[in-house]
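Read through the structure below, which is laid out as structure tokens, and then see the notes.
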Amino acid sequence: MKSGDATIEVPAESSRAAEKGKAPLIAVTATPHENRKYKKGIAIFDFILRIGAIVCILAAAAAMGTSDETLPFFTQFFQFEASYDDLPTFQFFLIAMALSGAYLVLSLPFSIVTIIRPLAVAPRLLLLILDTVALTLTTAAGAAAAAIVYLAHNGNPNTNWLAICQQFGNFCQQVSGAVVACFVGVLIFVLLILLSALALKRH
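Residue 111 in UniProt numbering sits at position 111 of the sequence shown, and the numbers go up by one each step.
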């Protein structure tokens, strides 16, 4: 240091101290173990929902398939009877419920595979596609049957469709219960699709 000159040395630590106010950015990512555990939980919930969907769809099919009522007053030539096979819409409903129920039963092994191998993409993607097809079929059948049930309860004066539920109470109660069970199954299908999409998104 020369005379008359003042030289101040700034330590390197002081320059770093000025940057202490800036918090470092830390990237937080899920570990493979956490990701596997998360997807396994989704797969277990998926399996439970499929069991519930099977119960709802089979209940809808059973209620529709056994909907048959004959009024107590009839003559030798006329007999008043209401049955699901009198209407093609209800026949389609029963067939659709049988197909959806069979698919759900066949999908259980694939759901078990996703529990054993939660990181596998192929079975999860297959379930997502087939669940979407089953959802479309079930929704179409339920909506068509719901329209007929509405007419059975309320009728339609413009088309001379008479309300029959005052006479065929048990018949209307069974087909209405079948439609309600069908739409519960539709809701479960929606949840299954959302779970599959969520599991694939975090892959």
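Quick reminder that beta carbons are idealized off the backbone N, C-alpha and C, glycines included.
Looking at the structure shown, is residue i part of a helix, part of a strand, or coil, going by DSSP?
| i | result |
| --- | --- |
| Ala102 | helix |
| Asn35 | helix |
| Asn156 | strand |
| Ile26 | Because the pLDDT at Ile26 is just 45, under 50, the model does not fix this residue reliably, and the value given afterwards should be weighed accordingly. Three-state DSSP puts Ile26 in coil, outside helix and strand. |
Locate the alpha helix (DSSP H) running through residue i, then write down its first and last residues.
| i | result |
| --- | --- |
| Ala120 | From DSSP, Ala120 is part of no alpha helix (DSSP H); its letter is neither H nor E. |
| Cys182 | Gly169 to Lys201 |
Per DSSP, residue i is paired with what?
| i | result |
| --- | --- |
| Asp68 | Ser83 |
Near residue i, which residues of its chain fall below 8 Å by C-beta distance, leaving aside the five closest residues on each side in sequence?
| i | result |
| --- | --- |
| Ala122 | none |
| Met64 | Tyr84, Phe90, Phe93, Leu94, Met97, Ala145, Gln174, Val175 and Ala178 |
| Lys40 | Ile115 and Pro118 |
Which residues in the same chain have their Cβ closer than 7 Å to the Cβ of residue i, if we skip the five residues on either side of it in sequence?
| i | result |
| --- | --- |
| Ser15 | Caution applies to Ser15, whose pLDDT of 44 falls short of 50 and renders its modelled position unreliable; the model cannot decide the point. |
| Ala134 | Ser100, Tyr103 and Phe189 |
| Thr138 | Ala96, Ser100, Cys182, Gly185, Val186 and Phe189 |
Going by beta carbon distance, what residues of the same chain come within less than 6 Å of residue i, once the five residues before and after it are set aside?
| i | result |
| --- | --- |
| Val113 | Pro123 |
| Ser67 | Tyr84, Phe171, Gln174 and Val175 |
Handout entry: Contact between the region 178 to 186 and the region 86 to 105 (3+ Cβ pairs under 8 Å)
Key = In short, these stretches touch, since the Cβ pair count reaches three.
Practice task
Count the C-beta pairs between the region 32 to 51 and the region 107 to 121 that are closer than 8 Å, then say yes if the count reaches three, no if not.
Solution key: When Cβ pairs closer than 8 Å are counted between the two stretches, the region 32 to 51 is seen to touch the region 107 to 121, the count reaching three or more.
Exercise for the section: Kindly confirm or deny that the region 115 to 129 and the region 137 to 151 touch, where touching means at least three C-beta pairs closer than 8 Å. Expected result: Short answer: they don't touch.
Exercise for the section: Say whether the region 87 to 97 touches the region 162 to 172, bearing in mind that this needs 3 or more beta-carbon pairs closer than 8 Å, one atom from each stretch. Expected result: The region 87 to 97 vs the region 162 to 172: no contact.
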